[in-house]
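> Below is the structure I would like to discuss, written out as structure tokens.
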Amino acid sequence: MDRGTREPANMIEEGESMLHPGLLEHAAIFEHAPMGIMFTQPGVVRRCNPRMAQMFGYAPEELVNTSGACLFVSEEQYHAFLAEAAPALHDGRLFEKAEQRLRRRDGSTFWGRVRAKSVEPGRRAAGTVWMVEDVSAARAAETEVRAIMNNAGIGILFTRDRRVVRYNRGFAQMFGFGAEEAVGVPVRSLYGSDEHYHEIGDAAANLLARGESFQAEAWMVRADGRPIWVQLIGHQVRRDDPALGNIWIIEDRTRNKRAEETLRNALLENQAILDNAVLGIAVVERGRTLHCNAKMEELFGYPPGGINGIPVAELYPDSASWMAARRETARDFLAGRVHMAEHEVVRADGSRFWARLSGRLFDLAQRQGRSVWLVDDVTARREAAQAVARARDELELRVLERTAELAGANALLQAEIVERRQAEARVHHMAYHDSLTGLPNRSLLSDRLDRAMLSSQRNDRKLAVMFIDLDRFKTINDSLGHLAGDHLLKEVANRLCRAVRASDTVARLGGDEFVVLVPGIEGPRDCTQVAEKIIEVLSAPIPHEGRILHISPSIGICLYPDHGQDVATLMRNADAAMYHAKGAGRNTWQFFTERMNESAARHFELESSLRVALAANQFELFYQPVIEAGTRRVHALEALLRWRRPGLGLVGPDEFIPILEESGMIIAVGEWVLRSACEQAVAWQRQGLPAVPVAVNLSGRQFAQRGLAGTVRRIVEETGIAPALLELEITETTLMQSGGHTLEVLEQINAMGVRLSIDDFGTGYSSLAYLKRFPVHKIKVDRAFVRELEASAEDRAIVAAVMALANSLQLSVVAEGVETEAQLQLLREHGCELAQGFLFARPLEAHQVPELLR
Ligand SMILES: Nc1nc2c(ncn2[C@@H]2O[C@H](COP(=O)(O)O[C@H]3[C@@H](O)[C@H](n4cnc5c(=O)[nH]c(N)nc54)O[C@@H]3COP(=O)(O)O)[C@@H](O)[C@H]2O)c(=O)[nH]1
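Its first residue numbered 1, the sequence shown is counted upward by one per residue in this note's numbering.
This is how it looks when you write it as structure tokens:
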């Protein structure tokens, strides 16, 4: 280069005349040099080559002898340039200025690289050779490169001999260095470890040495020690000159790395989630599975990866179920909904299970796009649900049944409660009321009487207790039966209630005993009116089953506080008064007097004594003969009961038979009489006495007794008496008042061969029709008709009528109570041949009879 600049100058100095071929060559070079060459002598251009002139926009000859100042932008610049170059030129050194702004002829400027050297150091006048290169393009390029270097987002690093030579702003910012701070530092310091540095460095060196570029991503270290993930692209600055070092393009990808790591971690997490999910998860596109997790494969029995890419239809048992599922899915996806459903699906081995599917589109805007599906095996849950449903159904059924049962039980319970309450009410009513008539019973009467007494004390009034007994009720009851008796009692109860005020109490104590409690009266007169009214209402006949019943009351009255201060006393005294009313002829009333207590006491004593009489063998039978009037022979013997009462002697039946009947003892005593009479008759026969029929009286109570025929049969059989020698006497009243079984009993007795007779005939109300039907053999005309026979034409008429009746019915007739021959005579005149009475014999003791019979 030095030589190049010197040779043209010499040639100029020596002149063209001195040219030789070498010089010619130099001249050619001068003429064709690609750079501008110019020779100046102080301040003036003496010679320039074409390139120089071209560079400044002149023709070469136009520059010759011009001032060098015209080549500069201004005089100031020109002189400043000369001053700058002068030292070097003076010293004979090469002056070089990389960039100098120069001016063309047309005023435009360009950047030139200027080099100069004095032809003769120290002597400016000798001239100076100048060489100028237009570096505008290079400078622009360098400026651009520098701009790129400085403004690039990436780091650019120049290294040589593994040290930093240069770098751009991007690198400085990226690694936290100042503008020149890292120049000269070892590249090693940009790495976190030797190992890392060598790993990258060695890999890069191999490639770069071969002239190839190196590209890698690596962790490097910033100036502050923080790691930075970068992408490195390395090149040699010049392939043919490795000594120039390398250039590195560095991109900070830390954020990307972090994002990638985050993404990778997220993917790993997702994968882990997928791999460990308890649900099958699959991605489906266009009817095929793209990929799925392990659980999905496990659910469907596919090997790893085996389910990927298969048509989803293969997971369904048949095309119909697949198409249905697809339609439902399409409908939901179209509506922007998640599709959730349970379908039966098929495993790889063909077995089926129930799956719960939940599918959703990745992108709702793409209905046909990719979708993700969650699959769960719900077979067990469905079976459990079905089992639960079955259990629930069964439970509901059982609950319904149980409810129905409970409803039924409840209804029953309610009914039972109602029934129980009704029963309790009934029991309560029964406890305080008479079951037959519904009237208050003795307990309620006592209670009301108590209250009435208290009320009377407060009001200073009296009250009456009226004890009512129905006359001859027992006879009616025994003879006509309980139904008739009950009917009669109810009717009496009704009539009593109608006869008194609502404030009065009508109670039934039992049997035919009633009590009327009349509170708030002034005195006896008030209650006698009540008694009269009772008698009146009860006097009306009582029809019953075609019969007309007649009843009358015997009423005993006592007053509070006059006749007693407590319930028991009042009741006892009213009872005593009632007995006296009965004794006074019945159908009447009696006020209580103190004397009545004595009578009642006797009655009580009598009854008490009778209760032991049978067991104590105190009863005896007397016998009174029935005589054949013509022959005066004994036709029959009537057994008549006597009570040999200790200390009191013989008591007649009129005194105690009513008590026996009232108390019911007549049943046992009557049977004793029947048995004793039969035994006696048999005994007499066995003694060889003539066989004479024995007649036994039957009370109404006995006759009404069920089983009478059986009792008679048993006694006849047991005693051995011939039935024809036994006669049973029944009073006309008993016969007529007995119930519907009368005929039946009579026929049973008659069938045994036992004879029957009607006692006390004429005192009752015999019906001819009945007499005709009843199998009786004999009638006994009551002695009341015999007694006045001589004096009473009426009685004679009656006897005549009876005789006529008996004849027509072919009945025997016995006249009772015959005491005189006149009576006997009259009776015989009326055709009565059988008679009984004191005229022939009084009732005899048994031991007296044989003499009579002989
Ligand atoms: N159910 C039963 N009744 C019986 C029984 N024994 C007797 N009686 C009945 O008692 C009533 C009274 O009987 P009695 O005191 O024995 O009187 C009888 C005769 O003594 C009496 N009589 C007989 N002749 C005369 C007479 O000429 N004058 C007169 N004043 N009295 C006389 O008549 C009674 C017998 O009557 P009758 O029975 O109607 O034949 C009496 O009704 C007895 O029936 C018995 O065991 N069971």
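Note that beta-carbon positions come from the ideal geometry of N, C-alpha and C, so glycine has one too.
Is the distance from the Cβ of ARG113 to the Cβ of GLY57 below 8 Å?
Stepping through the sequence shown from its first residue, residue 113 is reached at position 113. Stepping through the sequence shown from its first residue, residue 57 is reached at position 57. No, these two residues do not count as a Cβ contact at 8 Å.
> Would you list the one or two residues that DSSP bridges to ARG382?
Within the sequence shown, numbered from 1, the residue matching residue 382 stands at position 382. None; ARG382 has no bridge partner.
> For MET18, does the count of other Cβ atoms within 10 angstroms reach 16, so buried, or fall short, so exposed?
Within the sequence shown, the letter at position 18 stands for residue 18. Note on MET18: pLDDT 49, under 50, position unreliable in the model; the coordinate value appears next. It counts as exposed.
> If LEU496 sits next to ILE534, beta carbons under 8 Å apart, how far is it from one beta carbon to the other, in whole angstroms?
The residue you call residue 496 lines up with position 496 of the sequence shown. The residue you call residue 534 lines up with position 534 of the sequence shown. Rounded, the Cβ-Cβ distance is 6 Å, consistent with contact.
> Hey, would you say the C-beta of SER676 is under 7 Å away from at least one heavy atom of ligand 1?
In the sequence shown, residue 676 corresponds to position 676, counting from 1. For SER676, the distance from the CB to the nearest heavy atom of ligand 1 is not below 7 Å.
> Bridge partners of TYR623, per DSSP?
Within the sequence shown, residue 623 is the residue found at index 623, counting from 1. TYR623 pairs with ALA639 and LEU844.
> Could you check the C-alpha separation between ARG264 and HIS291 for me, to the nearest Å?
By one-based count along the sequence shown, residue 264 stands at place 264. By one-based count along the sequence shown, residue 291 stands at place 291. Each residue's Cα considered, the two are about 18 Å apart.
> Is it buried or exposed, PRO693, if we count other Cβ atoms within 10 angstroms and call 16 or more buried?
By one-based count along the sequence shown, residue 693 stands at place 693. Buried is the call here.
> With three or more C-beta pairs closer than 8 Å as the rule, is the region 269 to 282 touching the region 170 to 183?
no
> Let me make sure I understand the geometry here. Which of ASP562, ASN168, VAL338 and ARG239 has the alpha-carbon closest to that of SER371?
Against the sequence shown, residue 371 aligns to sequence position 371. Taking only the C-alpha atoms, the option nearest SER371 is VAL338.
> Would you mind reading off the limits of the beta strand (DSSP E) that contains HIS339?
Taking the first residue of the sequence shown as 1, we reach residue 339 at position 339. 339 to 346 is the span of the beta strand (DSSP E), which, as asked, contains HIS339.
> What are the uninterrupted segments assigned as alpha helix (DSSP H) that are 4 or more residues long and contained completely in the region 480 to 537, given in chain order?
482 to 499
> Take every Cβ of the region 482 to 500, pair it with every Cβ of the region 588 to 606, and state whether three or more of those distances are shorter than 8 Å.
no
> Which residues does DSSP pair with CYS292 in a beta bridge?
Taking the sequence shown and counting its residues from 1, one reaches residue 292 at position 292. The beta-bridge partner set that DSSP reports for CYS292 consists of ALA282.
> Count the other CB atoms within 10 Å of the CB of GLU744; is the residue buried (16 or more) or exposed (fewer)?
Within the sequence shown, residue 744 is the residue found at index 744, counting from 1. By the neighbour-count rule (16 or more Cβ atoms within 10 Å), GLU744 is not buried but exposed.
> DSSP has LYS780 in a bridge; who is on the other side?
Here residue 780 corresponds to residue number 780 of the sequence shown, with the count starting at 1. DSSP lists VAL814 as partners of LYS780.
> Please tell me whether ILE542 and GLU491 are closer than 8 Å, where the distance is taken between their beta carbons.
Here residue 542 refers to the residue found at position 542 when the sequence shown is read from its first residue. Here residue 491 refers to the residue found at position 491 when the sequence shown is read from its first residue. Cβ distance < 8 Å, so ILE542 and GLU491 count as in contact.
> Between the alpha carbons of VAL776 and HIS429, how many angstroms are there, rounded?
What you label residue 776 is simply residue 776 of the sequence shown in a count that begins at 1. What you label residue 429 is simply residue 429 of the sequence shown in a count that begins at 1. Approximately 47 Å between the Cα atoms of the pair.
> For ligand 1, is there a heavy atom less than 7 Å away from the beta-carbon of SER757?
Sequence index remark: in the sequence shown, residue 757 carries index 757 (1-based). Checking every heavy atom of ligand 1 against the Cβ of SER757, none is found closer than 7 Å.
> Is VAL673 near ligand 1, going by C-beta to nearest heavy atom under 7 Å?
Locating residue 673 in the sequence shown gives position 673, counting from the first residue. For ligand 1, at least one heavy atom lies less than 7 Å from the Cβ of VAL673.
> By the 10 Å Cβ neighbour count, where 16 or more other Cβ atoms means buried, how is GLN236 classified, buried or exposed?
The residue labelled residue 236 in the question sits at position 236 within the sequence shown. Buried: at least 16 other Cβ atoms inside 10 Å.
> Please classify GLN848: is it buried, with 16 or more other beta-carbons within 10 angstroms of its beta-carbon, or exposed?
Position 848 of the sequence shown holds residue 848. It counts as exposed.
> For ILE154, name the three-state secondary structure that DSSP assigns.
Along the sequence shown, read from residue 1 onward, the residue named residue 154 stands at position 154. Three-state result, ILE154: coil.
> Leaving out five residues before and five after ARG426 in sequence, what residues of the same chain have Cβ atoms less than 8 Å from its Cβ?
Within the sequence shown, numbered from 1, the residue matching residue 426 stands at position 426. For ARG426, where only same-chain residues beyond five positions count, there are no Cβ hits under 8 Å.
> Using a Cβ-Cβ distance cut-off of 8 Å, determine whether ARG166 contacts chain D.
No chain D appears in this structure, which consists of one protein chain only.
> Using a Cβ-Cβ cutoff of less than 7 Å, which residues in the same chain neighbour GLU671 once the five nearest sequence positions on both sides are dropped?
One-based indexing of the sequence shown puts residue 671 at position 671. Correct list, in chain order: THR711.
> Report the rounded CA-to-CA distance for ASN10 versus PRO34, giving the unit in angstroms.
Along the sequence shown, one-based indexing puts residue 10 at 10. Along the sequence shown, one-based indexing puts residue 34 at 34. For ASN10, the predicted structure reports a pLDDT of 45, less than 50, and the residue's modelled location is therefore unreliable. The matter cannot be settled from this model.
> With 16 other CB atoms within 10 Å as the buried threshold, where does PHE838 fall?
Here the question's residue 838 lines up with position 838 in the sequence shown. Counting of Cβ neighbours within 10 angstroms places PHE838 among the exposed residues, the total staying below 16.
> Alpha carbon to alpha carbon, how far is GLU532 from SER554?
Counted from its first residue, the sequence shown places residue 532 at position 532. Counted from its first residue, the sequence shown places residue 554 at position 554. GLU532 and SER554: Cα-Cα distance of roughly 11 Å.
> Mind checking LYS772: buried by the 16 CB within 10 Å criterion, or exposed?
Residue 772 sits at position 772 when you count from the first residue of the sequence shown. So LYS772 ends up on the exposed side.
> What separation, rounded to the nearest whole angstrom, lies between the Cα atoms of GLN54 and TRP130?
Counting from one through the sequence shown, the residue named residue 54 turns up at place 54. Counting from one through the sequence shown, the residue named residue 130 turns up at place 130. The straight-line gap from Cα to Cα measures roughly 15 Å.
> Using a 10 Å radius around the Cβ and a threshold of 16 neighbouring Cβ atoms, would you call ILE250 buried or exposed?
Translated into the one-based positions of the sequence shown, residue 250 becomes position 250. Answer is buried; the Cβ neighbour count reaches 16.
> Which word fits GLN823, buried or exposed, when buried means at least 16 other C-beta atoms lie within 10 angstroms of its C-beta?
The residue you call residue 823 lines up with position 823 of the sequence shown. Buried is the call here.
> Taking its Cβ as the centre, do 16 or more other Cβ atoms sit within 10 Å of LEU538, making it buried, or is it exposed?
Here the question's residue 538 lines up with position 538 in the sequence shown. So LEU538 ends up on the buried side.
> Should HIS79 be labelled buried (16 or more other beta-carbon atoms within 10 Å of its own) or exposed?
Looking up residue 79 in the sequence shown gives position 79. It is exposed - the Cβ of HIS79 has fewer than 16 other Cβ atoms within 10 Å.
> So, is GLY92 buried or exposed, given that buried needs 16 or more other C-beta atoms within 10 angstroms?
Sequence index remark: in the sequence shown, residue 92 carries index 92 (1-based). It is exposed - the Cβ of GLY92 has fewer than 16 other Cβ atoms within 10 Å.
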